[in-house]
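All remarks here apply to the structure that follows.
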Amino acid sequence: MENIIISGMNPLNGSVELQGSKNSALPILAAAAAVDGISIIHNCPDLSDVDAAMKILDFIGCKTKREGHTVIVDSSGANASRIPERLMKEMRSSILFLGALLARFGCGCVSAPGGCEIGLRPIDLHLSAFRSMGAVIEDNGGLLECSAPLGLKGAALSLAFPSVGATENIMLASLGADGETVITNAAREPEIIDLARFLSSCGAEIIGAGESVIRIKGKAKLHGCEHRIIPDRIVASTYIACAASAGGKIAVKGVDCAHLSPVIPAFEAAGCIIHQSEKELTVKAPKKISRIKSLRTMPYPGFPTDSQAIVTAMLARSEGTSVIIEKIFENRFRHVPELIKMGADIRVEDGCVAVIEGVERLSGARVGACDLRGGCALAVAALGAEGETVIENIHHIDRGCESLESRLRELGADAKRIKTN
Ligand code: EPZ
6 MENIIISGMN PLNGSVELQG SKNSALPILA AAAAVDGISI IHNCPDLSDV
56 DAAMKILDFI GCKTKREGHT VIVDSSGANA SRIPERLMKE MRSSILFLGA
106 LLARFGCGCV SAPGGCEIGL RPIDLHLSAF RSMGAVIEDN GGLLECSAPL
156 GLKGAALSLA FPSVGATENI MLASLGADGE TVITNAAREP EIIDLARFLS
206 SCGAEIIGAG ESVIRIKGKA KLHGCEHRII PDRIVASTYI ACAASAGGKI
256 AVKGVDCAHL SPVIPAFEAA GCIIHQSEKE LTVKAPKKIS RIKSLRTMPY
306 PGFPTDSQAI VTAMLARSEG TSVIIEKIFE NRFRHVPELI KMGADIRVED
356 GCVAVIEGVE RLSGARVGAC DLRGGCALAV AALGAEGETV IENIHHIDRG
406 CESLESRLRE LGADAKRIKT N
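Using my numbering, you'd call the opening residue of the sequence shown number 6 and step up by one each time.
Structure representation (structure tokens):
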């Protein structure tokens, strides 16, 4: 077990290199199982969730290897269409392997996925889409046995909600379907575009990724390719929140500023001065953080749920009252009780509205990460708190944020990781 310890009130200065996107890397690693050959995936972040995806690839007969931030997947030997529960439980994105297995083998056997406990996180949209494409799915005590006795068929699918995972899973399964699959009300996140770019480089025919209607022609001959994962827009927003909370001025290098357009107005409303250039963003912290009257999480291009916790933490020390409405997940304010231990004045109403009364100061405390972004939020708060904060359960942070404490230390924070008994 390890903890991160942060002594706050040290302004951040300097620059930080942004990691590749976890939420792009994971579907692309699953996609590597749907094609036949060698995929070379650059800018792949070094995270426990990526390790979990590589373990699944190895289990189903692919060969994987990491060389720095490049992951190489040779899927030519893939031969298993079953993923054991222990691997499924390691992360949420394990469910994307079902679409990949259906495309590659016409069948797949998986159990429910694990991942951050931020809500119910059903997979009904994934499964009903597969059924519409001709899959037969039997739930045998939590074991989902999927087959397509007559083969998968392209279908017109309309999602009740633009689910990121369902869009990705359908894109993958439709690679193995006869004819065209049309996804209406598809998710439009940059990670969807990245997955489509990867698959197109592998030979797939996909039109419309990044828009609400995506068309995929199935049965193209798919091979491996070389691909560079997009920068992680959520981690970029985490560094911005860190700078806002600690004070100072930092540059985040390697960003795609266009992907940050849903979050930049919120940080500017809080008083940050942000300059964007092609691949770099600088942020100067305000002397005093301003309140944000109202902020609502939404599917892209709305304000991302994944940046909600860090903004909540940043606003804990703002001037005035801010209101944050979480519209995507039912249980995404689990960091709030931890922030309250540090002196924050936040009340959660109906599970989905946080009313933040900004306080003059936060104090270091012993707190625990409950999920990935909530854990990062505790680091944001700790950077602006007086005294020492000990963050426990940091395996949640390690799922998605590469060496958070080292990067913060390079920026001048007093942050370290220690082993515990
Ligand atoms: C992806 O999760 C991300 N994970 C999440 O990031 C992110 O918070 C989320 O999209 C929303 O942007 C990855 O990309 C690996 P959804 P996903 O399906 O695909 C409901 C992080 O911290 N829903 O878009 O699981 C669901 O319950 C993680 O990096 C159904 O009802 O999200 C939720 O309310 C956490 N039925 C909403 O849709 C379904 O079948 C959005 O979920 C699927 C989803």
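Positions of the beta carbon are idealized from the N, C-alpha and C atoms, including for glycine.
- Listed in chain order, the non-local C-beta contacts of Leu157 below 6 Å within the same chain comprise Met138, Gly139, Gly181, Ala182, local neighbours out to five positions each way being set aside.
- Per DSSP, the unbroken alpha helix (DSSP H) holding Asn174 starts and ends at 169-179.
- By the neighbour-count criterion, in which a residue is buried when 16 or more other Cβ atoms sit within 10 angstroms of its Cβ, Arg97 is buried.
- Contact check for Val240 against Leu23 passes: the beta carbons are separated by less than 8 Å.
- Of the heavy atoms belonging to ligand 1, at least one sits nearer than 7 Å to the Cβ of Asn28.
- Per DSSP, reduced to three states, the secondary structure at Arg371 is strand.
- Scanning its chain for C-beta atoms nearer than 7 Å, with the 5 sequence neighbours on each side dropped, one finds around Glu331 the residues Thr302, Thr310, Gln313, Arg337, Phe338, Cys357, in chain order.
- In its chain, beyond the 5 residues on either side, Arg87, Glu150 have a beta carbon closer than 6 Å to the beta carbon of Cys114.
- Contact check for His47 against Thr75 passes: the beta carbons are separated by less than 8 Å.
- For the options Ala390, Ile351, Arg352, the alpha carbon positioned closest to that of Leu367 is the one of Ala390.
- As far as DSSP is concerned, Ser205 takes part in no beta bridge.
- If you compare the alpha carbons of Leu107, Ser29, Met59, Cys375 with that of His400, the shortest gap goes to Cys375.
- Setting aside the 5 residues that flank it on each side, Ala85 is surrounded in the same chain by Phe64, Ile65, Gly66, each with a C-beta closer than 7 Å to its C-beta; the list follows chain order.
- The nearest non-hydrogen atom of ligand 1 is less than 7 Å from the C-beta of Ile333.
- At the C-beta level, Phe308 and Ile123 stay beyond 8 Å of one another.
- In terms of Cβ geometry, Ile234 and Gly25 form a close pair [threshold 8 Å].
- For Asn145, the enclosing beta strand (DSSP E) has its first and last residue at 141-145.
- Taking a C-beta distance under 8 Å as the contact criterion, Ser250 and Ala359 do not qualify as a contact pair.
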